[in-house]
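K.L.:
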Amino acid sequence: MPSMDVNGNAVEVDEEGYLADINDWNKEIGSALAVTEEIELTDAHWEVIDFLREYYDEYQIAPAVRVLTKAIGKKLGKDKGNSKYLYELFPYGPAKQACKVGGLPKPTGCI
Amino acid sequence: MAGEIKQFLYVNRKAPYGTVYALESLEVVLIGAAFDQDVRLLFMDDGVFQIKKDQNTEASGLKNFSPTYNALGDYDVNKIYVSKESLDERGLTQDDLMPLVYEDEDDDWAEKSSIKIVSADEIRDLMEGSDVVLSF
Numbered sequence: 001m002p003s004m005d006v007n008g009n010a011v012e013v014d015e016e017g018y019l020a021d022i023n024d025w026n027k028e029i030g031s032a033l034a035v036t037e038e039i040e041l042t043d044a045h046w047e048v049i050d051f052l053r054e055y056y057d058e059y060q061i062a063p064a065v066r067v068l069t070k071a072i073g074k075k076l077g078k079d080k081g082n083s084k085y086l087y088e089l090f091p092y093g094p095a096k097q098a099c100k101v102g103g104l105p106k107p108t109g110c111i
Numbered sequence: 112m113a114g115e116i117k118q119f120l121y122v123n124r125k126a127p128y129g130t131v132y133a134l135e136s137l138e139v140v141l142i143g144a145a146f147d148q149d150v151r152l153l154f155m156d157d158g159v160f161q162i163k164k165d166q167n168t169e170a171s172g173l174k175n176f177s178p179t180y181n182a183l184g185d186y187d188v189n190k191i192y193v194s195k196e197s198l199d200e201r202g203l204t205q206d207d208l209m210p211l212v213y214e215d216e217d218d219d220w221a222e223k224s225s226i227k228i229v230s231a232d233e234i235r236d237l238m239e240g241s242d243v244v245l246s247f
């Protein structure tokens, strides 16, 4: 299995660069994963990532982008619960990229 | 969106663990929910155990995926039918099932139960009224 170097530690990832074991995750690893996605993390990014991790914790799945958008709108407000806002943060797909940075598997229903 | 909306019925008849059917069905439902379909789920026979509450898979070492059924409401899958006969045969009632709910957009997001307990006659009507029946 491929691995990624995070401050001198080897962290296992799958062939698409998703973290192999979600229990390995911490914010340092999240930051390193963000670099592979060419994302500069801000508080706004972390807000979405934290939300996704909580969602995964509760439902054991990463939600599809449509579900994510709706759920974010409910939790963080309508100005954030829309595709425009989320795609500005994660240009290559909010569910996909935020899940990767958050150490979660690829979202169910994500092709 | 182009095309007509088809009525899909997913029939779940097997125990949640031991075979891969229950998890596969759930994943197909979640993926399919992204498309414009009218999705309904039916749990009967040992399939009723799939949505039993307080599942604990620790001793088996398998992943407990039952929390994922609670996400169905978010995916607009809110027509969940459970066979009364199958519950009765196993000494179960609706109180033994997870309280699967959805929020009704047309009713100020009021939380409502997705579960409906149905008789064998109603199950027959459900199947007859579906364009596609997928059995797991």
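Protein sequence lines correspond, in order, to chains A and B.
Sequential numbering of the first sequence, starting at 1, is according to the numbering used here.
Sequential numbering of the second sequence, starting at 112, is according to the numbering used here.
Just so you know, even glycine gets a beta-carbon here, dropped at the ideal spot from N, CA and C.
Note that the structure is a prediction, hence the values are computed from the model and not measured.
Which class does ALA10(A) belong to by DSSP, given the choice of helix, strand or coil?
P.N.:
Here residue 10(A) corresponds to residue number 10 of the first sequence, with the count starting at 1. Three-state result, ALA10(A): strand.
K.L.:
In the structure shown, what three-state DSSP assignment does LEU153(B) receive?
P.N.:
Residue 153(B) sits at position 42 when you count from the first residue of the second sequence. Residue state, collapsed to three classes: strand.
K.L.:
Note down, in chain order, each residue of its chain lying with its Cβ closer than 7 Å to the Cβ of TYR186(B), except the 5 sequence neighbours on either side.
P.N.:
For this step, residue 186(B) is matched to residue 75 along the second sequence. LEU141 and ALA144.
K.L.:
Spell out whether any CB of chain B is found under 8 Å from the CB atom of TYR150(A).
P.N.:
Absent from the model: residue 150(A). The displayed extent of chain A is 1 to 111, so no value can be given.
K.L.:
Output, in sequence order along the chain, the residues in the stretch 178-191 of chain B whose CB is closer than 7 Å to any CB in chain A.
P.N.:
Cβ contacts with chain A come from PRO178, THR179, ASN181, ALA182, ASP185 and TYR186.
K.L.:
Please check if any C-beta of chain A sits within less than 8 Å of the C-beta of ALA145(B).
P.N.:
Here residue 145(B) corresponds to residue number 34 of the second sequence, with the count starting at 1. By this cut-off, ALA145(B) is an interface position.
K.L.:
Could you tell me if ALA170(B) is buried or exposed, where buried requires 16 or more neighbouring beta carbons within 10 angstroms of its beta carbon?
P.N.:
For this step, residue 170(B) is matched to residue 59 along the second sequence. Exposed.
K.L.:
Do you know offhand how far ALA62(A)'s Cα is from ALA71(A)'s?
P.N.:
Looking up residue 62(A) in the first sequence gives position 62. Looking up residue 71(A) in the first sequence gives position 71. Cα-Cα distance, rounded: 12 Å.
K.L.:
Buried or exposed for THR69(A), going by 16 or more other Cβ atoms inside 10 Å?
P.N.:
The count along the first sequence starts at 1 and reaches residue 69(A) at position 69. Buried is the call here.
K.L.:
With the cut-off set at 8 Å, would you say ILE191(B) and ILE226(B) are in Cβ contact?
P.N.:
Translated into positions along the second sequence, residue 191(B) becomes position 80. Translated into positions along the second sequence, residue 226(B) becomes position 115. The answer is yes: Cβ separation under 8 Å.
K.L.:
How long is the line joining the alpha carbons of ASN57(B) and SER246(B), rounded to whole angstroms?
P.N.:
Because chain B in this structure spans residues 112 to 247, residue 57(B) falls outside the shown range and cannot be described.
K.L.:
Tell me the DSSP secondary structure of SER225(B) in three-state form.
P.N.:
In the second sequence, residue 225(B) corresponds to position 114, counting from 1. SER225(B) falls in the coil class under three-state DSSP.
K.L.:
ALA231(B): buried (16+ other C-beta within 10 angstroms of its C-beta) or exposed?
P.N.:
Translated into the one-based positions of the second sequence, residue 231(B) becomes position 120. By the 10 Å Cβ count, ALA231(B) comes out exposed.
K.L.:
Closer than 7 Å, Cβ to any Cβ of chain A: which residues of the stretch 145-177 of chain B, in chain order?
P.N.:
Those residues of the stretch 145-177 of chain B that come within reach of chain A (Cβ to Cβ, closer than 7 Å) are ALA145 and PHE176.
K.L.:
Please confirm whether GLY8(A) and THR36(A) have their CB atoms less than 8 Å apart.
P.N.:
Reading the first sequence from its first residue, position 8 is the one you call residue 8(A). Reading the first sequence from its first residue, position 36 is the one you call residue 36(A). No.
K.L.:
Count the other CB atoms within 10 Å of the CB of TYR59(A); is the residue buried (16 or more) or exposed (fewer)?
P.N.:
Translated into positions along the first sequence, residue 59(A) becomes position 59. TYR59(A) should be labelled buried.
K.L.:
Measuring alpha carbon to alpha carbon, tell me which residue in ASP218(B), ASN181(B) and THR204(B) is nearest MET155(B).
P.N.:
Taking the first residue of the second sequence as 1, we reach residue 155(B) at position 44. For MET155(B), the nearest C-alpha among the options comes from THR204(B).
K.L.:
Does any C-beta atom of chain E lie closer than 8 Å to the C-beta of PRO94(A)?
P.N.:
Looking for chain E here will not work: the only protein chains present are A and B.
K.L.:
Quick one: which chain B residues come within Cβ less than 7 Å of VAL67(A)?
P.N.:
Looking up residue 67(A) in the first sequence gives position 67. Correct list: ASP185 and TYR186.
K.L.:
Can you look up ASP165(B) in the DSSP assignment and give me helix, strand or coil?
P.N.:
Residue mapping note: residue 165(B) aligns to position 54 of the second sequence, counting from 1. ASP165(B): coil per DSSP, three-state reduction.
K.L.:
Using a C-beta cutoff of 8 Å, does ALA20(A) count as contacting chain B?
P.N.:
On the first sequence, position 20 is the one that residue 20(A) refers to. With 8 Å as the cut-off, ALA20(A) does not count as an interface residue toward chain B.
K.L.:
In terms of DSSP beta bridges, what is SER194(B) paired with?
P.N.:
Start at 1 with the first residue of the second sequence, and residue 194(B) comes out as number 83. VAL229(B).
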